[in-house]
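In the order they appear, the protein sequences are chains E and W. Its first residue numbered 1, the first sequence is counted upward by one per residue in the UniProt record's numbering. Its first residue numbered 1, the second sequence is counted upward by one per residue in the UniProt record's numbering. All C-beta atoms in this analysis are idealised placements derived from N, C-alpha and C, irrespective of residue type, glycine included. Have a look at the structure below, then the notes.
Number of protein chains: 2
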Amino acid sequence: MSSKEISITDAATVWEPLLRSILEWNPEPEDKDAVVRFVPPPKLFAELKSRLEVGRQNGSPPEFVLETVKFVLRHCVNTSHPLWVNQLYGGVHPLGLAASFLVEKMNTNAHTFEAAPVFVLAEGMVLGEARKLFYEGVERGDGIFAPGGSFANMYGFMAARHVKFPQAKETGFFGLPPLVLFTSEESHYSVSKAAVWMGLGLDNVVKVPTNREGEMRPDALQIAIQEVKASGRVPLAVNATAGTTVLGAFDPLIPISKVCEDEGVWLHVDAAWGGSFIFSPRLRGLHLRGISRADSIAWNAHKMLGAPLQCSLFLSRHEDILRGCNSLGPSSAPYLFQQDKSCYEVAWDGLGDKSFQCGRKADGFKLWLMWVGLGLDGFQTLIESAEDASQYFYSKIAERKEEFLPYLDGPQTTNVFFWYIPPRLRGSARDEEWWSEISKVTVGLKERMVFDGGRLLLGYAPLPYKGLPNALRLVLPAYPPKSTTHMDTILRLITTYGEDL
Amino acid sequence: MSSKEISITDAATVWEPLLRSILEWNPEPEDKDAVVRFVPPPKLFAELKSRLEVGRQNGSPPEFVLETVKFVLRHCVNTSHPLWVNQLYGGVHPLGLAASFLVEKMNTNAHTFEAAPVFVLAEGMVLGEARKLFYEGVERGDGIFAPGGSFANMYGFMAARHVKFPQAKETGFFGLPPLVLFTSEESHYSVSKAAVWMGLGLDNVVKVPTNREGEMRPDALQIAIQEVKASGRVPLAVNATAGTTVLGAFDPLIPISKVCEDEGVWLHVDAAWGGSFIFSPRLRGLHLRGISRADSIAWNAHKMLGAPLQCSLFLSRHEDILRGCNSLGPSSAPYLFQQDKSCYEVAWDGLGDKSFQCGRKADGFKLWLMWVGLGLDGFQTLIESAEDASQYFYSKIAERKEEFLPYLDGPQTTNVFFWYIPPRLRGSARDEEWWSEISKVTVGLKERMVFDGGRLLLGYAPLPYKGLPNALRLVLPAYPPKSTTHMDTILRLITTYGEDL
Chain E
1 MSSKEISITD
11 AATVWEPLLR
21 SILEWNPEPE
31 DKDAVVRFVP
41 PPKLFAELKS
51 RLEVGRQNGS
61 PPEFVLETVK
71 FVLRHCVNTS
81 HPLWVNQLYG
91 GVHPLGLAAS
101 FLVEKMNTNA
111 HTFEAAPVFV
121 LAEGMVLGEA
131 RKLFYEGVER
141 GDGIFAPGGS
151 FANMYGFMAA
161 RHVKFPQAKE
171 TGFFGLPPLV
181 LFTSEESHYS
191 VSKAAVWMGL
201 GLDNVVKVPT
211 NREGEMRPDA
221 LQIAIQEVKA
231 SGRVPLAVNA
241 TAGTTVLGAF
251 DPLIPISKVC
261 EDEGVWLHVD
271 AAWGGSFIFS
281 PRLRGLHLRG
291 ISRADSIAWN
301 AHKMLGAPLQ
311 CSLFLSRHED
321 ILRGCNSLGP
331 SSAPYLFQQD
341 KSCYEVAWDG
351 LGDKSFQCGR
361 KADGFKLWLM
371 WVGLGLDGFQ
381 TLIESAEDAS
391 QYFYSKIAER
401 KEEFLPYLDG
411 PQTTNVFFWY
421 IPPRLRGSAR
431 DEEWWSEISK
441 VTVGLKERMV
451 FDGGRLLLGY
461 APLPYKGLPN
471 ALRLVLPAYP
481 PKSTTHMDTI
491 LRLITTYGED
501 L
Chain W
1 MSSKEISITD
11 AATVWEPLLR
21 SILEWNPEPE
31 DKDAVVRFVP
41 PPKLFAELKS
51 RLEVGRQNGS
61 PPEFVLETVK
71 FVLRHCVNTS
81 HPLWVNQLYG
91 GVHPLGLAAS
101 FLVEKMNTNA
111 HTFEAAPVFV
121 LAEGMVLGEA
131 RKLFYEGVER
141 GDGIFAPGGS
151 FANMYGFMAA
161 RHVKFPQAKE
171 TGFFGLPPLV
181 LFTSEESHYS
191 VSKAAVWMGL
201 GLDNVVKVPT
211 NREGEMRPDA
221 LQIAIQEVKA
231 SGRVPLAVNA
241 TAGTTVLGAF
251 DPLIPISKVC
261 EDEGVWLHVD
271 AAWGGSFIFS
281 PRLRGLHLRG
291 ISRADSIAWN
301 AHKMLGAPLQ
311 CSLFLSRHED
321 ILRGCNSLGP
331 SSAPYLFQQD
341 KSCYEVAWDG
351 LGDKSFQCGR
361 KADGFKLWLM
371 WVGLGLDGFQ
381 TLIESAEDAS
391 QYFYSKIAER
401 KEEFLPYLDG
411 PQTTNVFFWY
421 IPPRLRGSAR
431 DEEWWSEISK
441 VTVGLKERMV
451 FDGGRLLLGY
461 APLPYKGLPN
471 ALRLVLPAYP
481 PKSTTHMDTI
491 LRLITTYGED
501 L
């Protein structure tokens with residue numbers, strides 16, 4: 001049987017070995033510690049190209065596809081490895097993965113109850129649970145799942161626009177005074193990308209200065225807003241960040257919300273990374289205090305929490321705001337939102353009309369099933385163990401002052417930004433040349449991580465706004481859980497790779 | 001063991017029964033013919049809510065999760081059923097599903113080679129293959145995967161904006177003359193939604209009239225463009241549709257492209273539904289002639305072709321256009337796009353910067369693996385069999401003139417828009433009241449489909465622009481393949497349900 005003739009009914013049998021090999025967690029036990037088995041891009045490209053050439057015209061038999069899948073699995077980065085601490089996402093919790101498989105298999109769109117009854121209801125339910133957490137018991141309001149944090153932020157800015165200038169839905173921006181977004185210099189670049197896509201323009205994004213820790217300065221925000229007003233432009237929204245990408249800083253939400261209230265500006269909180277701290281009664285008081293004052297919130301459950309990519313929530317305390325922003329009325333798509341439907345109340349079908357996309361993956365179900373299985377307690381345990389691991393890591397590098405130099409006096413939640421000092425640079429004067437060498441050592445460390453068996457992937461970055469050269473950036477998604485042994489291994493690998501750099 | 005304690009390593013064992021139940025194609029053989037087992041929204045909501053309540057605080061054991069998954073599977077709509085002909089997507093090909101599972105398991109972002117080496121390369125490769133097809137051998141150009149057709153269309157309008165007014169990236173639309181999008185009255189509502197999000201406004205969307213078949217009239221387009229120019233507004237882009245949502249109409253691309261050339265306007269083709277005809281040498285000549293003249297194209301491989309949702313390609317013949325539109329420069333995210341990286345050439349990491357989202361699902365891999373396994377021949381077979389099924393269906397209703405009334409003289413590719421006439425209305429004068437009754441019969445048919453064992457889901461819609469009342473809309477995604485038996489079953493069910501309506 002060729003792969004062309006395989007029907008849906010015999011798929012489970014025919015593809016059994018293929019599905020097995022995907023489900024096996026360690027397909028190559030002899031090499032299971034690798035985070036990446038590096039192949040240079042041109043070489044990997046050539047190998048993949050030759051496989052496509054085999055099947056390009058006439059297809060290829062299941063055995064060849066199986067062998068190709070095994071090749072692919074071997075050369076994917078293992079983001080589920082505890083030493084993948086390279087990005088703000090990582091392993092996927094088995095419950096989330098099972099939910100993903102279910103969503104993939106059912107292959108439907110979260111636009112109407114008719115097409116996706118369970119998924120549409122589960123999405124509404126889990127958005128309600130999230131609102132109760134972020135907005136302190138408030139059940140009403142609005143929300144939707146977006147295909148990533150960039151779009152979740154954009155939903156927030158669109159909501160701000162709709163409240164300030166509802167006529168822009170009809171007229172566009174032509175003839176309006178320039179509208180301005182405020183965000184910190186450390187915030188995510190999706191704020192600027194949104195300004196480009198929304199027709200605001202980069203000139204109308206004001207980057208507010210931060211303090212040493214990378215937190216937006218409320219005094220500077222207030223001045224910036226007043227300057228914009230004085231110039232005849234109109235403040236549209238403030239984007240505060242709860243967990244910045246590099247330093248893991250949390251903008252002070254209470255003073256920022258006061259500035260927003262005083263100045264009459266929408267407050268959106270980009271909590272894509274740090275929003276998961278909501279599950280820890282202890283840590284949410286430290287990091288997320290005041291978030292309930294936000295007009296809208298973006299939170300990526302696929303980052304720290306270990307939900308499968310994508311799982312991005314947009315939340316607002318304003319009821320029915322999304323329909324106002326995005327709906328063209330059900331009559332704009334009468335083939336989908338039939339208003340004379342007699343099987344059930346048509347109001348249950350409104351989801352597609354209030355989204356930008358109409359058709360969407362049923363991402364909400366993944367968080368719903370994780371919630372059923374893990375509960376608030378399970379989420380809390382995951383999040384707090386990530387915080388514990390970063391505290392442990394920080395305490396270890398703080399002890400070894402000769403070898404390590406953290407930028408801040410403590411971890412910024414689950415981010416640690418630090419330099420490694422190789423033996424040849426210890427004890428020297430920390431002048432410009434010394435810093436230049438440290439910056440190169442950081443790049444060299446990355447190279448060794450990749451080339452020496454790929455046993456660790458940990459990112460590095462400069463911090464241009466602070467004038468800081470390349471430093472290592474440890475980030476700890478909560479899944480898979482990180483132990484003190486993992487932290488010790490990271491330190492050992494860095495010092496081994498760096499000894500002669 | 002509670003679900004909280006399950007680690008990634010023992011997931012395969014613990015969740016084995018759960019994964020099994022998801023992979024089984026017919027979990028309930030006694031009832032395997034159901035497309036939907038309908039439960040009214042409030043009742044289903046209550047059942048799902050009670051399950052969430054069980055685990056809400058402390059989580060729930062694997063057995064309860066398994067039982068919940070089985071409940072969910074039972075109440076999902078089976079979009080893989082051949083009698084799910086309700087939307088422009090349907091079943092997912094087993095190869096695509098296997099690729100989805102792999103992508104879900106590897107849980108990474110298609111933003112850099114470092115994070116997703118295989119996926120980033122496979123995406124580029126499959127976009128190149130698609131460009132060669134749509135642009136008749138042209139390999140260069142640009143492309144990206146978008147989270148759905150709405151965003152793929154928006155990429156096209158952003159590209160048009162960038163070419164016409166590159167300064168808008170910095171200044172926004174303030175101070176510019178109004179920019180106008182042209183699209184047919186039958187086109188997808190994502191064009192209007194894009195105008196809202198992009199700051200153009202609904203007033204700046206011109207709906208061009210169509211002919212009886214639902215195809216945009218090139219003469220009307222030319223007049224509309226000239227009127228806009230005369231009014232001092234600036235034509236930005238024409239959106240032509242290859243496969244409209246209701247009638248399945250293909251706008252005539254050659255005359256439209258000539259108008260666009262003459263008037264200096266960007267031509268974007270929304271081929272979300274009809275783009276898959278590119279795989280049939282016979283049908284692409286009929287339906288997609290001239291598509292190579294498009295400046296940009298959106299195509300959803302998850303619609304007719306049976307790739308898993310989402311699998312939306314944006315293609316352009318303009319090289320490097322996406323970086324121009326969307327990039328803020330690699331220095332905007334130096335933690336991700338390190339320019340001094342020494343492991344490999346940094347150019348391989350540019351994907352995130354040229355996308356709007358930065359982080360994205362690796363949707364491209366799904367199409368890549370399907371291509372390896374099925375090849376061009378396999379895709380062709382799938383697409384042509386869908387066309388054959390609609391031809392067969394049309395011929396059957398055309399024969400039975402008493403019972404059925406098709407709107408057009410033949411199927412519009414894989415869409416058939418038609419009315420069923422119950423016995424009581426046969427032979428009567430077709431006056432206003434008669435049409436009003438037919439419209440209600442159509443709604444009644446839908447209700448019976450849902451309530452009578454849910455053995456068929458087929459949509460209905462009015463066509464307001466043509467002043468047409470509710471009609472049945474048959475749409476045939478190519479996977480799972482549709483046989484003449486399926487078509488006969490659809491006709492039999494309609495006549496059975498409708499006999500006494």
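Spatial distance of residue i from residue j (CA atoms)
i                 : j                 : result
Leu367 of chain W : Arg56 of chain E  : 12 Å
Thr495 of chain E : Leu83 of chain E  : 15 Å
Phe165 of chain E : Val118 of chain E : 36 Å
Glu142 of chain W : Met449 of chain W : For the record, residue 142 of chain W in the displayed sequence is Asp; it is not Glu. Distance between the alpha carbons of Asp142 of chain W and Met449 of chain W: 44 Å.
Pro27 of chain W  : Val72 of chain W  : Confidence at Pro27 of chain W is low in this model, with a pLDDT of 49, below 50, so its placement is unreliable and the value that follows should be read with caution. Near 11 Å, if we compare the C-alpha coordinates of Val72 of chain W and Pro27 of chain W.
Met487 of chain W : Lys396 of chain W : 9 Å
Lys401 of chain W : Val443 of chain W : 21 Å
Met340 of chain E : Leu133 of chain W : Residue identity check: residue 340 of chain E is Asp in the sequence provided, not Met. The alpha-carbon atoms of Asp340 of chain E and Leu133 of chain W are separated by roughly 42 Å.
Glu384 of chain W : Ser280 of chain W : 7 Å
Glu387 of chain W : Val246 of chain W : 16 Å
Chain W contact for residue i (CB, 8 Å cutoff)
i                 : result
Lys169 of chain E : yes
Gly232 of chain E : no
Tyr335 of chain E : yes
Asn211 of chain E : no
Pro27 of chain E  : Reliability of the predicted coordinates at Pro27 of chain E is poor, the pLDDT of 49 falling under 50, and no value is obtained from them.
Arg492 of chain E : no
Cβ of residue i within 8 Å of any chain E Cβ
i                      : result
residue 516 of chain W : Past the boundaries of the shown model lies residue 516 of chain W; chain W is included only from 1 to 501, so the question cannot be answered.
Cys343 of chain W      : yes
Arg360 of chain W      : yes
Gln338 of chain W      : yes
Pro147 of chain W      : yes
Spatial neighbours of residue i in its chain, beta-carbon cut-off 7 Å, leaving aside the 5 residues before and after
i                 : result
Ser327 of chain E : Asp353, Lys354
Ser316 of chain W : Gly141, Asp142, Gly143, Ala159, Asp295, Ser296
Other residues of its chain near residue i: CB distance less than 6 Å, five sequence neighbours each side excluded
i                 : result
Ala294 of chain E : Leu267, Val269
Leu88 of chain W  : Trp273, Lys303, Val475
Gly199 of chain E : Phe173
Val238 of chain W : Phe182, Cys260, Val265, Leu267
Pro178 of chain E : Asn204, Arg233
Contact set for residue i: own chain, Cβ-Cβ below 8 Å, skip 5 residues either direction
i                 : result
Ser390 of chain W : Pro411, Thr413, Thr414, Asn415, Val416, Leu474, Leu476
Gly454 of chain E : Ala34, Val35, Val36, Arg37, Phe38
Any non-hydrogen atom of the ligand NAD closer than 7 Å to residue i Cβ
i                 : result
Leu305 of chain W : Absence of the ligand NAD from the depicted structure is noted, as is the absence of any ligand whatsoever, leaving it without description.
Residue i: first and last residue of the uninterrupted beta strand (DSSP E) it sits in
i                 : result
Asp203 of chain W : No beta strand (DSSP E) holds Asp203 of chain W; DSSP gives it neither H nor E.
Arg323 of chain W : No beta strand (DSSP E) contains Arg323 of chain W, which is instead part of the alpha helix (DSSP H) from 321-326.
Ala461 of chain W : 457-463
Leu267 of chain E : 266-270
Tyr420 of chain E : 415-420
Ala146 of chain W : 142-146
Segment limits, alpha helix (DSSP H) that includes residue i
i                 : result
Phe45 of chain E  : 41-55
Phe182 of chain W : Unbroken run through Phe182 of chain W is the beta strand (DSSP E), 179-184; no alpha helix (DSSP H).
Arg389 of chain W : Residue 389 of chain W is actually Ala in this sequence, not Arg. Where Ala389 of chain W is concerned, the enclosing alpha helix (DSSP H) stretches over 364-399.
His287 of chain W : 281-287
Short CB-CB distance (under 8 Å) between residue i and chain C
i                 : result
Arg473 of chain E : Of the chains in the structure shown, none is chain C; the protein chains are E and W.
Residues within the region 52-70 of chain W neighbouring chain E, beta-carbon criterion of under 8 Å: Listed by position, the residues of the region 52-70 of chain W near chain E (Cβ gap below 8 Å) are Leu52, Val54, Gly55, Arg56, Gln57, Asn58, Gly59, Ser60, Pro62, Phe64, Val65, Thr68, Val69.
Residues from the region 403-433 of chain E in contact with chain W, defined by Cβ distance under 7 Å: Within the region 403-433 of chain E, no residue qualifies.
Chain-ordered residues of the region 193-208 of chain W with a beta carbon less than 8 Å from chain E: Cβ contacts with chain E: Lys193, Ala195, Val196, Trp197, Met198, Gly199, Leu200, Gly201, Leu202, Asp203, Asn204.
Residues from the region 134-168 of chain E in contact with chain W, defined by Cβ distance under 8 Å: Taking 8 Å as the Cβ-Cβ cut-off against chain W, the residues of the region 134-168 of chain E that qualify are Pro147, Gly148, Gly149, Ser150, Phe151, Met154, Met158, Ala168.
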